[in-house]
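Participant: A single structure is presented below for examination.
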Amino acid sequence: MTIIILSLNTQIKLSVSTLNVQECVDWVISPECGGIDVFIGTVRNATKGKAVVRLEFEAYEKMAVKELEKITQQAFDKWPVQKVLIHHRTGVLQIGEIPVVIAVAAAHRDAAFDACRYIIDTLKQTVPIWKKEIFEDGEVWVAAHP
Amino acid sequence: MTIIILSLNTQIKLSVSTLNVQECVDWVISPECGGIDVFIGTVRNATKGKAVVRLEFEAYEKMAVKELEKITQQAFDKWPVQKVLIHHRTGVLQIGEIPVVIAVAAAHRDAAFDACRYIIDTLKQTVPIWKKEIFEDGEVWVAAHP
Amino acid sequence: MNVNILAFGIAKDIFGGPSVSLDLANDANISNLKYLLEQQYPRLKKLATYMVAVNNEYALDGDTIHERDEIAIIPPVSGG
Amino acid sequence: MNVNILAFGIAKDIFGGPSVSLDLANDANISNLKYLLEQQYPRLKKLATYMVAVNNEYALDGDTIHERDEIAIIPPVSGG
Numbered sequence: 529m530t531i532i533i534l535s536l537n538t539q540i541k542l543s544v545s546t547l548n549v550q551e552c553v554d555w556v557i558s559p560e561c562g563g564i565d566v567f568i569g570t571v572r573n574a575t576k577g578k579a580v581v582r583l584e585f586e587a588y589e590k591m592a593v594k595e596l597e598k599i600t601q602q603a604f605d606k607w608p609v610q611k612v613l614i615h616h617r618t619g620v621l622q623i624g625e626i627p628v629v630i631a632v633a634a635a636h637r638d639a640a641f642d643a644c645r646y647i648i649d650t651l652k653q654t655v656p657i658w659k660k661e662i663f664e665d666g667e668v669w670v671a672a673h674p
Numbered sequence: 529m530t531i532i533i534l535s536l537n538t539q540i541k542l543s544v545s546t547l548n549v550q551e552c553v554d555w556v557i558s559p560e561c562g563g564i565d566v567f568i569g570t571v572r573n574a575t576k577g578k579a580v581v582r583l584e585f586e587a588y589e590k591m592a593v594k595e596l597e598k599i600t601q602q603a604f605d606k607w608p609v610q611k612v613l614i615h616h617r618t619g620v621l622q623i624g625e626i627p628v629v630i631a632v633a634a635a636h637r638d639a640a641f642d643a644c645r646y647i648i649d650t651l652k653q654t655v656p657i658w659k660k661e662i663f664e665d666g667e668v669w670v671a672a673h674p
Numbered sequence: 003m004n005v006n007i008l009a010f011g012i013a014k015d016i017f018g019g020p021s022v023s024l025d026l027a028n029d030a031n032i033s034n035l036k037y038l039l040e041q042q043y044p045r046l047k048k049l050a051t052y053m054v055a056v057n058n059e060y061a062l063d064g065d066t067i068h069e070r071d072e073i074a075i076i077p078p079v080s081g082g
Numbered sequence: 003m004n005v006n007i008l009a010f011g012i013a014k015d016i017f018g019g020p021s022v023s024l025d026l027a028n029d030a031n032i033s034n035l036k037y038l039l040e041q042q043y044p045r046l047k048k049l050a051t052y053m054v055a056v057n058n059e060y061a062l063d064g065d066t067i068h069e070r071d072e073i074a075i076i077p078p079v080s081g082g
C-alpha cells in the first residue's frame, strides 16, 4: 500500500516499494531554494555487534501519515523552508535498503539542516511505525523493552 | 577538468560536468552505515531580490583539492563517520543546477549530520573557489566586498 | 460497550493477533482500558512504555472512550 | 628575485589577467609582497580581505617567499 499526501510544498509517502533518492531530490529542488538537506536511513548489517538478516517495518498507516503531516507542519512553522518530503518504507527490507528519505529545501542551508534533523528526530519519537530486526536465531521489535 | 581523489572512504571531485546526486549516495552507502546526510547546494534564481541569470565558478584547483582533503580529514577526526564525499562544480551553472554535493555516511545519524554541516560551513570559508553571479545588467564576484 | 482495539508491533504478538475486543463501562477512560488490558495481557506491563491512540491521535489517561472510537495500542515506536 | 603571482576571482579582474610577475628582494615576506601589490593595484585594498597562498597553502604575513614558490592571491572565497 502506498499513501501519498501531496501539496505544492509537502510530500509524504508510505510505501512497500523501494525508495528512490533521486526522485526525492528532484521533487524538492526549486529555483527559489539554495540548499537542500537530505537524510537517508539505511539498514545496517549489525546491531550491537549482532548480525542482522533483514528488517520488517509495520505502520499504523492512517495515524502515521497524520503524525508525519504534523511534523512537516511544525517544520514549516519553525524554519523558513520551502519544500519538505518524507518517504518511509513498510514491509521487508534487506541490508543496505533505505527505510526513510527526508528531503528539505530552503533558501538558506541552516534552515534545511535544522528542519531535516528535527523531522527525523521527531519521526523516531512520535510516528507509529515499528521495526523488527530479524537475526539468524530470532527476532526482536526494536525499542519495545527498556 | 575533473579531479578525483579516491580512497576507500573519501571521494573528492572538482568537475565541469553536471553533478549526479544518486551516484554520490550510491558511493557512500554501505552495509555498516545506518544514516547518510547529504547536502546539495543549488543555484538560486535571485540574490537579495535581484534576478540571477547564471553563475560561474572558478577554482584554484590544486589548492582547492588540498583544502577539501583537509576538511574531510577533520571530519574523520572529529566524528565517527565512515564515508565522506564532496563533489564541486566549476564553470558555468544555470539556475537550478547543483554547485556542490556533500554526502556523509555514519553508523549513527548525529555524526553524519554534524560532519556534513561542518564540511559545507568550512568549505565556504577556506576552499579557494569563487562564484560570480551574472545579472541582466552586470556581474559580481560574491563575497569580494564588505 | 464493546470496543475493538487494534494492535501493532509487539502488542500484536502480546494479543496474539491484530486486534482484540473488550467490554468497557460506558464512561470508561484510557486509564480503565489500560488496566483491563494489563489484567488480561500481563506482558503489556513489561513494555518500556506504551501509548493508546483514539481516532488516530495520541490519547491521555483521562480521556473518555466512546463507542465506535478507533482505538489502537501504540508500543514504543521505532521507525526511521 | 622575480616571482610569478597567480590571481583568481576578482583578483584576476584587478590584475587584468590570470597572473602578474613582480620583482622582490630575496628575503621578502608575504607582508612585503602585499605592500608592493597594493601599490601597483590599489583596488586590492578595497577587497573585504584577501589571503596569499604559497605552494597551495595559506601563508602568514611573516612567511618568507622563495624563488620558484607558487604564489597565489586568494580573494574572499565563495564556493559551495
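Chains as they are written, first to last, in this note's numbering: chain U, 529 to 674; chain V, 529 to 674; chain R, 3 to 82; chain X, 3 to 82.
Backbone N, C-alpha and C define an ideal beta-carbon position, used for all residues, glycine too.
1. Could you tell me whether the Cβ atoms of glycine 619 of chain V and glutamate 589 of chain V are closer together than 8 Å?
2. Report yes or no: is there a C-beta of chain X within less than 8 Å of the C-beta of threonine 654 of chain V?
3. Just tell me which of V:Val549, V:Gly563, V:Leu534, V:Glu625 has its CA closest to the CA of glycine 82 of chain R.
4. Short check: CB of lysine 659 of chain V to CB of serine 80 of chain X, under 8 Å?
5. Do you know offhand how far valine 580 of chain U's Cα is from glycine 569 of chain U's?
6. Specify, as a first and last residue, the run of the alpha helix (DSSP H) that methionine 591 of chain U falls within.
7. Give me the Cα-Cα distance between leucine 26 of chain R and valine 5 of chain R, rounded to the nearest whole angstrom.
8. Buried or exposed for glutamate 664 of chain U, please, with buried defined as at least 16 other CB atoms from any protein chain shown within 10 angstroms of its CB.
9. Below 8 Å CB to CB, which residues in the same chain sit around leucine 621 of chain U once its five sequence neighbours on both sides are set aside?
10. With distances taken from CA atoms, which of U:Val544, U:Val556, U:Asp554, U:Asn573 is nearest isoleucine 662 of chain U?
11. What number of angstroms, rounded off, separates the C-alpha of aspartate 642 of chain U from the C-alpha of histidine 636 of chain U?
12. Residues in the segment 563-576 of chain V with C-beta within 7 Å of chain U's C-beta atoms, listed in sequence order?
13. At the level of alpha carbons, what is the spacing between serine 21 of chain X and isoleucine 657 of chain V?
14. Tell me the rounded alpha-carbon separation between leucine 46 of chain R and leucine 613 of chain V.
15. What's the C-alpha gap between valine 632 of chain V and histidine 68 of chain R?
16. Over what stretch of residues does the alpha helix (DSSP H) that includes aspartate 565 of chain V continue unbroken?
17. Which residue or residues does DSSP assign as beta-bridge partners of methionine 53 of chain X?
18. Evaluate contact between the segment 7-20 of chain X and the segment 70-79 of chain X, counting only Cβ atoms and requiring at least three cross-stretch pairs below 8 Å.
19. Can you tell me which residues form a DSSP beta bridge with glutamate 667 of chain U?
20. Give the residues of chain V in contact with isoleucine 532 of chain U, contact being defined as C-beta atoms less than 8 Å apart.
21. Can you list, in chain order, the residues of its chain whose CB lies under 8 Å from that of glutamine 602 of chain V, leaving out five sequence neighbours each side?
22. Going along the chain, which residues of the segment 577-603 of chain V sit with their C-beta nearer than 7 Å to a C-beta in chain U?
23. Let me check understanding here. Comparing Cα to Cα, which of U:Ile531, U:Pro559, U:Ala672 lies closest to glutamine 539 of chain U?
24. Can you name the residues of chain X whose CB is closer than 8 Å to the CB of valine 670 of chain V?
25. Quick check on the DSSP output: the beta strand (DSSP E) that includes alanine 633 of chain U runs from which residue to which?
26. Roughly how many angstroms separate the alpha carbons of isoleucine 623 of chain V and alanine 587 of chain V, rounded to a whole number?
27. Where do the ends of the beta strand (DSSP E) carrying lysine 675 of chain V lie?
28. Going along chain U, which residues have a C-beta under 8 Å from glycine 624 of chain V?
29. Find the nearest neighbour of glutamine 653 of chain U within the set U:Ala639, U:Lys611, U:Ala672, judged by alpha-carbon distance.
30. My output table needs one value for leucine 46 of chain R: the three-state DSSP class, helix, strand or coil.
31. Within 10 angstroms of the Cβ of alanine 50 of chain X, are there 16 or more other Cβ atoms? Answer buried if so, exposed if not.
32. For asparagine 31 of chain R, name the three-state secondary structure that DSSP assigns.
33. Hey, out of X:Ser33, X:Leu39, X:Asn28, whose CA is closest to isoleucine 16 of chain X's CA?
34. Answer with yes or no whether the minimum CB distance from phenylalanine 663 of chain V to chain U is below 8 Å.
35. Count the other CB atoms within 10 Å of the CB of aspartate 554 of chain V; is the residue buried (16 or more) or exposed (fewer)?
36. Measuring alpha carbon to alpha carbon, tell me which of V:Val655, V:Ala634, V:Glu667 ends up nearest alanine 567 of chain U.
Facilitator: With the structure as the only source:
1. no
2. yes
3. V:Gly563
4. yes
5. 15 Å
6. 589-606
7. 7 Å
8. exposed
9. Val571, Arg582, Leu583, Glu584, Phe585, Pro627
10. U:Asn573
11. 11 Å
12. Gly563, Ile564, Asp565, Val566, Phe567, Ile568, Gly569, Thr570, Arg572, Asn573
13. 17 Å
14. 45 Å
15. 49 Å
16. From DSSP, aspartate 565 of chain V is part of no alpha helix (DSSP H) but of the beta strand (DSSP E) over 563-569.
17. X:Ile76
18. yes
19. U:Ile662
20. Under the 8 Å cutoff, chain V gives no residues; its nearest Cβ is about 21 Å from isoleucine 532 of chain U.
21. Tyr646, Thr650
22. none
23. U:Ile531
24. Ser80
25. 628-634
26. 20 Å
27. Only positions 529 to 674 of chain V appear in this structure, which leaves residue 675 of chain V out of reach.
28. Ile557, Ser558, Pro559
29. U:Ala672
30. helix
31. exposed
32. strand
33. X:Leu39
34. no
35. exposed
36. The residue you asked about is not alanine; residue 567 of chain U is phenylalanine in the sequence shown. Checked all of V:Val655, V:Ala634, V:Glu667; the closest Cα to phenylalanine 567 of chain U is V:Ala634.
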